[in-house]
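The structure under discussion appears below in the form of structure tokens.
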Amino acid sequence: MSRLITRRNFLRTSAVSGSGLILAGCDQFDFLADKSGPARQIMERANVLTYSVQRAVIGEQTLAREYAASEIRQGMRPNGSVDPTTPEYLALKEANFAGYKLTIKGLVDREVSFSLAELRNMPERTQITRHDCVEGWSCIAKWTGTPLGPLLDMAGVKSTARYCVYHCFDNIQRTLSGDILYYTSSDLIDAYHPQSILSYGLNDEVLPVSNGAPIRLRIERALGYKQPKYLHTIELVDDLTPFGKGRGGYWEDTGYDWYGGI
Amino acid sequence: MSQANAATKPKGPLIYRQSIWTRVTHWVWAICLFFLLLTGLQIFNAHPALYIGQQSGFEFENSVFKIGAVNTDAGPRGQTTVLGQNFDSTALGLGMSGNAERPVYTGFPGGVTIPSYRDLGTGRVVHFFFGWIFVATIFVWFVASFINGHIRRDIVPRPSDIAGVPKDVVDHATLRFKHGRTYGPLQKLAYFGVFFVLFPLIVATGLTMSPGMNSIAPWLLDLFGGRQTARTIHFIVMLLLVAFFVIHILMVFAAGPINELRSMITGWYRASPGTPSSEGDKP
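Sequence lines, in order, name chains C and Z.
For the first sequence, full-length UniProt numbering begins at 1 and goes up steadily by one.
For the second sequence, full-length UniProt numbering begins at 1 and goes up steadily by one.
The structure is reproduced here in structure tokens:
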């Protein structure tokens with residue numbers, strides 16, 4: 001008799017603790033969201049592993065898939081900032097971006113700037129690619145622009161440079177202490193990738209404001225948050241910590257992985 | 001009842017059934033899959049819809065599953081759409097959860113996501129961390145189980161196992177379990193399906209969602225019929241693994257939880273009376 005009760009107790013205890021494990025998702029693991037916590041720090045090492053492994057197995061020049069024109073079945077879905085309201089951007093937009101300059105600075109031999117007309121007169125590349133948002137959705141669109149690599153060469157990237165930081169016009173977040181402007185960054189492999197273009201055209205039309213006018217950088221082997229819209233300055237650096245909260249980008253500062261290739 | 005003669009009941013031999021490799025990988029997987037599931041639902045909640053094809057239809061329809069919330073005459077309700085059919089899923093917490101004063105509108109409710117609130121960044125960090133451990137453990141298991149014979153002996157069904165399926169179905173339906181030296185036909189089929197179909201599928205479809213991997217292995221996109229189809233398959237395999245888990249736990253309880261747990265912790269398993277003894281067994 002006692003054996004039966006023991007087993008029944010065991011079953012009951014197991015069931016209760018088992019359901020506790022299932023319900024544990026409630027909030028027991030919310031501490032993992034604390035980016036300074038030790039568990040989170042260890043887990044973020046997996047992002048470094050992903051980056052290292054993908055860089056090791058994927059060729060520097062390996063292209064993202066390009067699609068047929070028939071695969072463009074809808075407009076490019078705008079997301080994130082769709083209509084920046086900083087005075088600087090509004091003034092440029094008012095003048096149809098006549099005064100726009102793209103600047104390349106930082107660890108370069110000479111700082112260079114290009115107007116929109118100059119960028120449009122440079123060698124052009126058109127690619128129909130799939131844009132993958134970190135949220136999970138995808139959208140195929142045709143992007144036209146000029147490759148970034150030759151422009152970096154014109155500026156002369158110093159051998160100490162390790163990253164490009166992309167500074168943007170859009171106030172992605174407005175806080176009591178002021179606007180937070182969008183920025184992100186990449187390594188030089190992504191910057192020099194043949195499909196990394198400074199796009200000014202989308203689906204055979206001028207790049208609209210909602211998709212990043214006048215210039216949006218495409219980094220086709222990464223997720224959407226690595227495709228900075230409203231781009232105005234590319235800064236070559238050897239350290240990402242001085243920018244924002246030091247994680248290499250606006251979304252990266254909120255906890256997204258820096259590499260963004262997965 | 002029969003406790004009176006339980007002591008005198010003949011016992012089968014105590015056999016060393018689960019190798020250290022099987023036991024360690026089992027529990028590592030259990031932890032990994034727990035975190036992968038709950039962070040996976042967090043990631044799904046960032047865009048709670050599944051599609052067929054390369055892209056997500058915003059101006060055309062190619063979705064096969066969607067969780068959202070709709071306004072009705074009775075106030076907001078959670079709504080789940082499967083293959084174009086709408087279901088009120090408020091009772092399940094899908095699309096709308098929380099209490100009446102403070103409803104929460106997410107795909108899956110916070111009780112089954114990590115973190116409990118919307119935090120895609122954390123969900124991804126934890127998902128990929130356990131994803132790596134999960135894949136490494138699969139690798140270790142396959143190498144060890146190939147070498148020590150676990151795959152050949154216990155996992156790959158033999159013709160005699162296939163022939164034995166009908167009887168095994170009847171035995172399971174009547175809760176008559178035979179505790180033998182190796183697994184029964186249905187057990188073998190279930191584990192074979194998990195190791196050789198579901199695990200490889202969930203890893204491959206996961207990799208197919210990586211734009212980096214797409215560049216080096218675009219054939220994965222073709223194999224699964226597009227990135228969004230891969231995402232849908234990833235989700236379906238998750239559901240199948242959850243179904244496996246539920247049945248797995250039910251069977252552990254039905255077949256004798258102490259004996260089953262002991263075998264997966266110490267390796268030693270009490271076989272049914274009448275099981276022929278062999279070298280290495282304990283009485």
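For every residue, glycine included, the Cβ atom is placed at its ideal position computed from N, Cα and C.
Query, Result
"Applying a beta-carbon distance threshold of less than 7 Å, which residues of chain C neighbour residue 132 of chain Z?", "46 and 49"
"Three or more C-beta pairs closer than 8 Å, one from the stretch 169–181 of chain C and one from the stretch 119–136 of chain C: is that the case here?", "no"
"Would you verify that the beta carbon of residue 25 of chain C is, or is not, closer than 9 Å to some beta carbon of chain Z?", "Residue confidence is low: residue 25 of chain C scores 48 on pLDDT, short of 50, so the model does not pin down where it sits. Its coordinate-derived value is still stated next. Yes, because at least one Cβ of chain Z sits closer than 9 Å to the Cβ of residue 25 of chain C."
"Per DSSP, residue 89 of chain C is paired with what?", "None, per the DSSP bridge assignment."
"For residue 282 of chain Z, write down the residues that DSSP places opposite it in a beta bridge.", "Z/14"
"Under a three-way DSSP split, which group does residue 129 of chain Z fall into?", "helix"
"Find out if the Cβ-Cβ distance for the pair residue 25 of chain Z, residue 190 of chain Z is shorter than 9 Å.", "no"
"Quick one: grab the DSSP three-state call for residue 24 of chain C.", "The pLDDT assigned to residue 24 of chain C is 48, lower than 50, so where the model puts this residue is not dependable; a value taken from the coordinates is nonetheless given after this. Coil."
"Can you grab the Cα-Cα spacing for the pair residue 175 of chain Z / residue 255 of chain Z, in whole Å?", "8 Å"
"Helix, strand or coil: which one does DSSP assign to residue 107 of chain C?", "coil"
"Any idea what DSSP makes of residue 285 of chain Z, helix, strand or coil?", "Since the first residue shown for chain Z is 1 and the last is 283, residue 285 of chain Z is missing from the structure and cannot be characterised."
"What first and last residue would you give for the beta strand (DSSP E) that runs through residue 142 of chain C?", "138–147"
"Is the Cβ-Cβ distance between residue 56 of chain Z and residue 148 of chain Z less than 9 Å?", "no"
"If we cut at 9 Å on Cβ distances, does residue 209 of chain Z have a partner in chain C?", "yes"
"Comparing alpha-carbon positions, which option in C/79, C/190 and C/41 lies nearest residue 208 of chain C?", "C/79"
"Which residues in the same chain have their Cβ closer than 6 Å to the Cβ of residue 39 of chain Z, if we skip the five residues on either side of it in sequence?", "114, 123, 126 and 127"
"Residues bridged to residue 180 of chain C by DSSP?", "C/173"
"How about residue 245 of chain C: is its Cβ closer than 8 Å to a heavy atom in the ligand ZN?", "Inclusion of the ligand ZN in the displayed structure is not the case, the ligand content being empty and no account of it being possible."
"At a CB distance below 8 Å, what residues from the stretch 49–78 of chain C approach chain Z? Give them in sequence order.", "49, 50, 54, 57, 58, 59, 62, 63, 64, 65, 67, 71, 73, 74, 75 and 77"
"Sorted by chain position, which residues of the same chain lie with C-beta nearer than 8 Å to residue 137 of chain Z's C-beta, five sequence neighbours on each side aside?", "25, 28, 29 and 32"
"If you run the structure through DSSP and keep just helix, strand and coil, what is residue 88 of chain Z?", "strand"
"Find the residues of chain C that neighbour residue 43 of chain Z, judging by a C-beta separation of less than 8 Å, and give them in chain order.", "136"
"Can you grab the Cα-Cα spacing for the pair residue 88 of chain Z / residue 80 of chain Z, in whole Å?", "6 Å"
"Name the residue from C/77, C/56 and C/57 whose alpha carbon lies nearest to the alpha carbon of residue 60 of chain Z.", "C/77"
"Could you compute how far the alpha carbon of residue 113 of chain C sits from the alpha carbon of residue 105 of chain C?", "9 Å"
"Does residue 254 of chain C have its Cβ less than 9 Å from a Cβ in chain Z?", "yes"
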